[in-house]
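Quick notes on the structure that follows.
There are 2 protein chains.
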Amino acid sequence: MAFAEVSTDLISQFETIVGEENVIIDPEKRYNYSHDETEDYSFLPDVVLKPGTPEEISRIMKLCNQHLIPVTPRGGGTGLSGGALPVQNGVVISMERFNKILNIDELNLQATVEPGVITEVFQNAVKEKGLFYPPDPASRGSCFIGGNVSENSGGPKAVKYGVTRDYVLNLEVVLPTGDIIWTGANVLKNSTGYNLTQLMCGSEGTLGIITKIVFKLRGIPQKSVLLLMPFITNEEACKAIAEIFRAGVNPSGMEFFEREAAMKTIDYCEKIYAAKVTTPFPENMDAYLLCELDGNDDEVLMREAEAVMSVVEKFQAGEILFADTAAQKEELWKIRKNISPGVNAYSLTKAEDVVVPRASLPKLIVGIKEIGKRYGFNSVCYGHIGDGNLHVNVMKEQISDEDWNTKINDGIGEIFKLTVSLGGTLSGEHGIGIAKRPYMPIAMREANLTLMRGIKKAFDPNGILNPGKIF
Amino acid sequence: MAFAEVSTDLISQFETIVGEENVIIDPEKRYNYSHDETEDYSFLPDVVLKPGTPEEISRIMKLCNQHLIPVTPRGGGTGLSGGALPVQNGVVISMERFNKILNIDELNLQATVEPGVITEVFQNAVKEKGLFYPPDPASRGSCFIGGNVSENSGGPKAVKYGVTRDYVLNLEVVLPTGDIIWTGANVLKNSTGYNLTQLMCGSEGTLGIITKIVFKLRGIPQKSVLLLMPFITNEEACKAIAEIFRAGVNPSGMEFFEREAAMKTIDYCEKIYAAKVTTPFPENMDAYLLCELDGNDDEVLMREAEAVMSVVEKFQAGEILFADTAAQKEELWKIRKNISPGVNAYSLTKAEDVVVPRASLPKLIVGIKEIGKRYGFNSVCYGHIGDGNLHVNVMKEQISDEDWNTKINDGIGEIFKLTVSLGGTLSGEHGIGIAKRPYMPIAMREANLTLMRGIKKAFDPNGILNPGKIF
C-alpha cells in the first residue's frame, strides 16, 4: 500500500475539524506520541490529532481514507507490543479527550465509558458504588481503558474473573470508512449475527476506533486472603500450579515470580514508595507463587487456603507466608506489580507474554532457561501463571546491539516455537503489535493469516488504519 | 448467487469420499434432514452426506466450492431459528458420525470433543471425572454440542457461568475452501491476532464446519438450593429481577415463567415422565421466578437464599417454596425445561428469544402483552430472565394461515422494535438463522450487515456454505 503524505491543506482541514489547539505539529511535542513502553521503538507521526467526539473522528477518517493517509489510534501509551506506534508515520489520533465515565448503571450492573478513561479511575468510580470491574493490568494507573479493550488486557484477577473482553458488552466504533456503528447491544447474552464486539476486542486498533464502551460489572468480594509460597526451583513452582486448580479451588490471583524478579524490584519499590520492603526472600528459594483467594465468608476462605497449602506441601516448597495485615498484602502486590518497571530499570528488555495450558508450565520454564543458555541471554520470568500466562523479560545487559537485533530474536523465536509445541501461543494479554508480528507464522497457518487479512479488508478496504500491525 | 445442481457425477464422487453407505439420496430418508424444531419449516436437501473425518469434509468442500453447490452443516436438528435448514437445497453435511469425546484432560481442566457429541453425554462424561461443563440448553438430551457452539447456546446456568462461547478455547474448522485450520490455541487467555475462535461461535455454520472443539471445564459445585417464588403479575416478577442481582447475590439459575407456561407443561410432563406433578400453582399468582443458588457451603447458600427472599418480600409476591428434596428440585426443573415442548404440544408457535438489560424487563413484558392484544395473538413467556433473556412463544391457536404469515409477523416485528428500543436485541441464544433474518435491520445498521457480509466473503468467497442465513 502506497500511502500519501499529510499535506498542509489536510492539516488545515484537520484544524477545522478538531480545532487548532487539538492539532500537534511541533516535532518535540509529536515525539511524545512516537513511542510506548515497548523496548526502544520510536516512529514519529506527521501530525497528532486530539478529537473530542466520534463525529470528529468520523470526519478525520473519511478524509484520511480518501487521501490514503495512515491513521494510528493511541491510548495511554503503555502498550508492550507497539500496537499504538505509527510505523508508517501519518496521523496519530490520541484518545486523551475521550476521558469521561458517561454512566454507571447500578440497576443493570453496567457502565458506559469513553476509551480515554484511565483504568484505575474507572475501577475506583465503580468501587464507590459498591461495584467491581475486575480487569487490572499492572499499568492501571496510566493506561487507557480503550487500550485495554484493544489489546484485551488481563492482569492478576483474570484467573478467576476473566480478561477485559469478558466485560465488554457493546462498543461504539468509528470504522475506517467513517461510518459510526454500535457492534452489539447492552445485553449479557447475544446470538444476533457475527460477534463484532468480540472481534474488536484484541484487534489492536486495526479494525476501527473505539469511542464508547459498555462494560458489565460485578459485586465486590468483601474479603481476601493472600499467601506467598516459596519453592526451591521455578520448575517445582510451575508443577504445583495445575495441582492447585485440580484440587477444586478457584483463586482470584495466582501469580508467579522468580526470586530474581523480586530482587530486581525491591530497590525500585523502595525508591518509588519511599518505604523499606520487609518481606523476606531467602536465597535458597528460587521461585514464588502469590495466591489470592477472595469471597464473602472467612471460613470458606480459610478452607480454601488450607486446600491450597495442603497441595503445596507435596512439592519442594518453603514456609508459606500468610499475609494477614493490609500492609503486608499491599507490599506483596506492590512488588508483584512493579516487576516490569523494576526489571526495566535494571536493563533494556524484550518483554514476552507467552501462554500455555497450565500443565505445560514446567516444561516451558525449563525450556526457556535452556534456550537462554544456548543463545546467551538472561531472562526474568514472572506472570499470571494461574492462566498459564508467563511474562519472560529477556535482558539486554551486556549483549551487543547487533546480537540484540539478530541472535537474541532467533532465541525468542525458539521460545515461541517451544510455546506452540506445548499447545500455547504468542500472547496472552499484550497483543502482537509490531514486536511479535514476525513470529506470527510460528503460531498459525497461512490460512489463518489470510482470513485475518480478509477480515481487515472488510473493515478497512484501503488499509489505512494502524497499518503494519499483527500480520 | 446462482448455485449449481448436484449432478449424478458429483454424487458418485461423494460416494468415493465418504463411502456409499454415508450418502443418502432416498427422498424419505432425506426428509429427516429437511426440518428442525423451528415452526413448520421444511427444505429438502438434494443429498445428505455423513462424513467421518475432517479430511473427508475438506474434500467435499473443495468439490462443492468448485462446482458452486450449497452446503449446509447439520447437528442434532434441535435448532429454533432454522440455522441447519438447506434453504437452497444442495448438500447437507450431517455431523452425526463426529460423536467422540477425544480427551478429558483433568490436569488442565480441558476437554477435546467432536461436534456430533450429544451435549448431555458430554456433561455426564466430565461429571464422572468430578468436572463441570455448565452450558445446559433445554434440548441437551438430543442436541449436538457443535450446534451449541454454532448457535452460542445458553441455558439456565449461563447467568452465573456464561454461555457456550465462554467455554470454547479452540476450534478445528474446515473452511469453505477446504482448508483445515485451528482457530486459536488451547489456552485460557489469548491476544494473538483476531479472535477467530469467538467469531466462529454463534456464526451458525456460515463461516466453516467445526470438526473439533476444545472446551475449558470447571470444578463441580457440591450443593444447591432452589426457590420457587410466585408473583401476582409478570410485571412484578420482572421488577424483582434487577433488585435481586443488585443485592449482590450471584444465582446459578434465575428463570421466569408465566403460570400459563406451567399449566400448559404439566400435562405434557405427567405424560412423558408418567408421574403426577405435585407443585401447586395457585390461580392468583400469574408468574414465577425459579432461583437456584449453588456453592460448596450450606451456610453461605442459606445466607444468599435469605438475601433473595428479603428482596422478594418487597414485591407483591406469594409464599416462597423452598425445594429441599432432590425430588422437588427435579420436578421444578422438569417443568421449566419442558415448557418449550409443552407449549408446542398445545399449539404451533413462533418462538422468539429476545434479550434486554435486566432493568428493562418490566417494560418488555408489559409491551409484549399489549402488542399481542393489538395484533390478536396470545403468547406464553418464560426464559433465562437473570440474563435479561425472555422466550416469547407466540401461539397460532385459531389464527388463520394467512394472518400467521403476515399480520402476526408484523406483530413480532413490533416486539423486536420494542426490544431494541429498550437496549436489547433479537436473539440471546437461539440465533438468527432464517426465522429472524427478516428482522435484522431492526437490530442493526446497514454498516453492520455490510461488515458481516465482508467477513463472510473472507471465509467463503463463493458463498456456498449455509447460504440464506443471518443476513
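As they're listed, the protein sequences go chains A and B. With the UniProt record's numbering, the residue at position 177 of the first sequence is 177, and numbering never jumps. With the UniProt record's numbering, the residue at position 48 of the second sequence is 48, and numbering never jumps. We put the beta carbon where it would ideally sit given N, CA and C, even for glycine. Values in this document were obtained by computation on a predicted structure and should not be read as measured data.
Query raised in the report: Can you tell which of A:Ile232, A:Gly193 and A:Ile180 has its C-alpha closest to the C-alpha of valine 312 of chain A?
Result: A:Ile232
**Report entry** Segment contact flag, the segment 330-350 of chain A with the segment 79-92 of chain B, C-beta cutoff 8 Å, min 3 pairs
**Finding:** no
Query raised in the report: What are the uninterrupted segments assigned as alpha helix (DSSP H) that are 4 or more residues long and contained completely in the segment 395-457 of chain B, given in chain order?
Result: 401-405, 407-421 and 440-443, all fully within the segment 395-457 of chain B.
Query - Sequence-distant residues of its chain with Cβ nearer than 6 Å to glycine 253 of chain B (five each side left out) - result: Cβ within range, chain order: Pro156 and Glu292.
Report task. Enumerate, from N- to C-terminal direction, the unbroken alpha helix (DSSP H) stretches of 4 or more residues contained entirely within the segment 146-172 of chain A. Result -> Entirely contained in the segment 146-172 of chain A, the alpha helix (DSSP H) runs reaching 4 residues are, in chain order, 158-161.
Report task. Return no unless some Cβ of chain B is closer than 7 Å to the Cβ of lysine 216 of chain A. Result -> no
Query - Runs of beta strand (DSSP E) lying entirely within the segment 345-376 of chain A, each at least 3 residues, in chain order - result: 349-355
Query raised in the report: Can the beta-carbon of valine 23 of chain A be found less than 7 Å from the beta-carbon of leucine 44 of chain A?
Result: no
**Report entry** glycine 64 of chain B - DSSP class collapsed to helix/strand/coil
**Finding:** First, the residue type needs correcting, since residue 64 of chain B is cysteine and not glycine in the sequence shown. Helix, per DSSP.
Query raised in the report: If you check the beta carbons only, do arginine 74 of chain A and valine 92 of chain A fall under 7 Å apart?
Result: yes
Query raised in the report: Can a CB atom of chain B be found closer than 7 Å to the CB of aspartate 179 of chain A?
Result: Yes, aspartate 179 of chain A lies at the interface with chain B (some Cβ there is under 7 Å from its Cβ).
Report task. Using three-state DSSP, classify valine 6 of chain B as helix, strand or coil. Result -> coil
Query - Given leucine 465 of chain A as reference, the closest of A:Pro176, A:Leu63 and A:Asn99 once Cα atoms are compared - result: A:Pro176
Query - Contacts around isoleucine 399 of chain B, its chain only, beta-carbon distance under 8 Å, and the 5 residues preceding and following it disregarded - result: Gly376, Phe377 and Ile408
Query raised in the report: Between which two residues does the beta strand (DSSP E) carrying valine 91 of chain A extend?
Result: Residues 91-94.
Query raised in the report: Fully enclosed by the segment 268-309 of chain B, which alpha helix (DSSP H) runs are 4 residues long or longer?
Result: none
**Report entry** Top-ranked residue by Cα proximity to valine 71 of chain A, from A:Leu131, A:Ile57 and A:Gly77
**Finding:** Nearest C-alpha to valine 71 of chain A: A:Ile57.
Query raised in the report: Residues of chain B with a CB under 7 Å from the CB of leucine 364 of chain A: which are they?
Result: Those do not exist, as leucine 364 of chain A stays about 12 Å from chain B at its closest Cβ, beyond 7 Å.
Report task. Please list, in chain order, all residues of the same chain as methionine 395 of chain B whose beta carbon is under 6 Å from its beta carbon, the five residues on each side excluded. Result -> Ser347, Thr349 and Asn378
Query raised in the report: In three-state terms, what does DSSP make of glycine 388 of chain B?
Result: coil
Query - Cβ-based neighbour list, asparagine 103 of chain B, same chain, cut-off 6 Å, excluding 5 preceding and 5 following - result: Thr112
Requested in this report: Mind listing the chain A neighbours of alanine 359 of chain B? Cutoff is C-beta to C-beta under 7 Å, in chain order.
Outcome: Leu107 and Asn108
Query raised in the report: What do you reckon, are the CB atoms on glycine 146 of chain A and valine 187 of chain B nearer than 7 Å?
Result: no
Query raised in the report: Do you know offhand how far leucine 385 of chain B's Cα is from phenylalanine 245 of chain B's?
Result: The amino acid at residue 385 of chain B is misidentified as leucine; the sequence shows isoleucine. The alpha-carbon atoms of isoleucine 385 of chain B and phenylalanine 245 of chain B are separated by roughly 11 Å.
Requested in this report: Just the C-alpha distance for asparagine 393 of chain A and isoleucine 266 of chain A, rounded to the nearest angstrom, thanks.
Outcome: 17 Å
Query raised in the report: What is the DSSP secondary structure of alanine 326 of chain B, counted as helix, strand or coil?
Result: helix
Query raised in the report: Counting along the chain, where does the beta strand (DSSP E) carrying proline 231 of chain A start and finish?
Result: This sequence places phenylalanine at residue 231 of chain A; proline is not what is there. Segment 223-231, the beta strand (DSSP E) holding phenylalanine 231 of chain A.
Query raised in the report: For chain B, is any of its Cβ atoms less than 7 Å away from the one on valine 355 of chain A?
Result: Under the Cβ criterion of 7 Å, valine 355 of chain A is counted among the residues facing chain B.
Requested in this report: Could you name the residues of the same chain whose beta carbon sits closer than 7 Å to that of tyrosine 31 of chain B, not counting the 5 residues immediately before and after it, in chain order?
Outcome: Leu44
Query raised in the report: Pick from B:Cys201, B:Asp286 and B:Lys216: whose alpha carbon is nearest that of glutamate 236 of chain B?
Result: The residue with the shortest Cα to Cα distance from glutamate 236 of chain B is B:Asp286.
Query raised in the report: Is the Cβ of methionine 395 of chain A closer than 7 Å to any Cβ of chain B?
Result: no
Query raised in the report: When the Cα of glycine 202 of chain B is compared with those of A:Tyr439, A:Arg437, A:Asn195 and A:Met263, which residue comes out closest?
Result: It is A:Asn195 whose Cα lies nearest to the Cα of glycine 202 of chain B.
Query - Distance between leucine 131 of chain B and glutamine 222 of chain B (C-alpha atoms, nearest Å) - result: When rounded, the distance between both Cα atoms is 11 Å.
**Report entry** Assigned exposure category for tyrosine 439 of chain A - 16 Cβ within 10 Å defines buried
**Finding:** buried
Report task. May I ask you to report which of helix, strand or coil DSSP gives threonine 78 of chain A? Result -> coil
Query raised in the report: Can the beta-carbon of lysine 189 of chain B be found closer than 7 Å to that of asparagine 389 of chain A?
Result: yes
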